[in-house]
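Structure first, commentary second.
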Amino acid sequence: MPSTTPAWSAATSPVPPKPSWTPWPALQLDESERSHLLDLARTASTTRRPERRRAAQPVRPALQQLLDAMTEAPAFVRNGRLDILATNRLGEALYWPLFQDPARPAYLARFQFLNPGAVEFMPEVDYPRAASAALLRTEAGQDPCNRDLSDLIGELFTRSEDFRRLWGAHDMRLHRTGIKRLRHPAVGDLTLAFEGLPTPNAPGLTLTAMSAAPGTASHDGLRLLASWAATLDQIEQPSNGVSSDEQPQRRS
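For the sequence shown, the positions run 276 to 527 when my numbering is used.
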């Protein structure tokens with residue numbers, strides 16, 4: 276019978292009994308590579324469970340309040356599929372090109388690999404694409420029975436040559452910190468440092484916040500972005516007499 280294993284799936288083999296020593300020093304693996312190897316070992320040593328879809332993971336009100344309190348730093352919360360589940364005002368304004376797609380949640384990986392506008396918005400698009408492929412490969416090792424995740428990876432693998440190439444690189448870096456270089460349609464080029472922080476009370480979610488060094492053009496750009504976002508908020512205010520308290524809340 277033909278194999279039903281997806282072409283992108285990492286092959287695993289039975290795991291021998293646990294030795295009395297660990298191979299980490301000899302293999303010189305970093306934290307993410309050790310974690311991925313252990314995930315593969317756990318998967319291979321247990322009975323394969325059928326894939327299942329995950330219920331939508333809600334963002335706690337307290338976490339949304341934390342996002343909203345970050346008035347000078349773009350920030351968002353994502354899950355392991357790189358779906359953006361919640362943002363603050365600056366985060367939504369920063370990723371304005373992504374949010375032009377009405378589908379919710381906003382799909383960061385699908386935008387990066389399948390939307391032609393990603394190249395203009397992310398001038399160095401190879402780096403964020405590589406980071407996303409690595410994050411998805413790591414997530415697949417941690418949650419191999421997640422049907423929604425496997426569907427996304429299968430779609431990207433089928434439709435994007437870049438994703439197939441990056442997936443084959445077997446990169447499992449965690450990418451918790453780094454630099455994002457973006458070209459925003461309203462404020463121009465931005466170079467932002469980012470930090471990805473796991474949320475202890477919401478396993479599987481990561482809060483990503485970005486900032487620019489004071490006195491730089493990017494810092495001025497963030498201030499301009501805040502003004503632009505406020506202008507958009509005014510434009511979006513209804514003229515039908517409905518109070519602001521009755522309007523939908525910011526994306527979450």
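All C-beta atoms in this analysis are idealised placements derived from N, C-alpha and C, irrespective of residue type, glycine included.
Because the structure is a prediction, the values reported are computed rather than measured.
When the five nearest sequence neighbours on each side are left out, the beta carbons in the same chain lying within less than 6 Å of the beta carbon of LEU472 are those of LEU482, in order along the chain.
Below 8 Å, enough C-beta pairs join the segment 485-492 and the segment 335-355 to call them touching: three or more. Remark: C-beta atoms of PHE388 and PHE469 do not approach each other more closely than 8 Å. In the three-state reduction of the DSSP assignment, ARG356 falls in the coil class.
Every beta strand (DSSP E) of 3 residues or more that sits fully in the segment 358-421 is shown, in chain order, as 358-362. In the DSSP annotation of this structure, the continuous segment of the alpha helix (DSSP H) that includes GLU436 starts and ends at 436-443.
The beta-carbon separation of LEU369 and LEU500, rounded to 6 Å, stays under the 8 Å limit for a contact.
Boundaries of the beta strand (DSSP E) harbouring ALA484: 481-486, taken from the DSSP string. Residue pairing from DSSP places PHE469 in a beta bridge opposite GLY453 and MET485. Of the residues assessed, HIS459 falls on the buried side of the cut-off, its CB having 16 or more other CB atoms within 10 angstroms. Here DSSP, grouped into helix, strand and coil, assigns ALA350 to strand.
The straight-line gap separating the alpha-carbon atoms of GLN339 and ALA361 is approximately 7 Å. Around the beta carbon of SER435, a 10 Å sphere encloses 16 or more other beta carbons of the protein chains shown; the residue is thus reported as buried. A distance of 8 Å or more separates the beta carbons of ALA408 and LEU357. Residue nearest to MET447 within the set GLY392, ASP423, GLY416 and HIS494 is GLY416 (criterion: CA-CA distance). Within the model, the alpha-carbon separation for ALA505 versus ASP343 is close to 14 Å.
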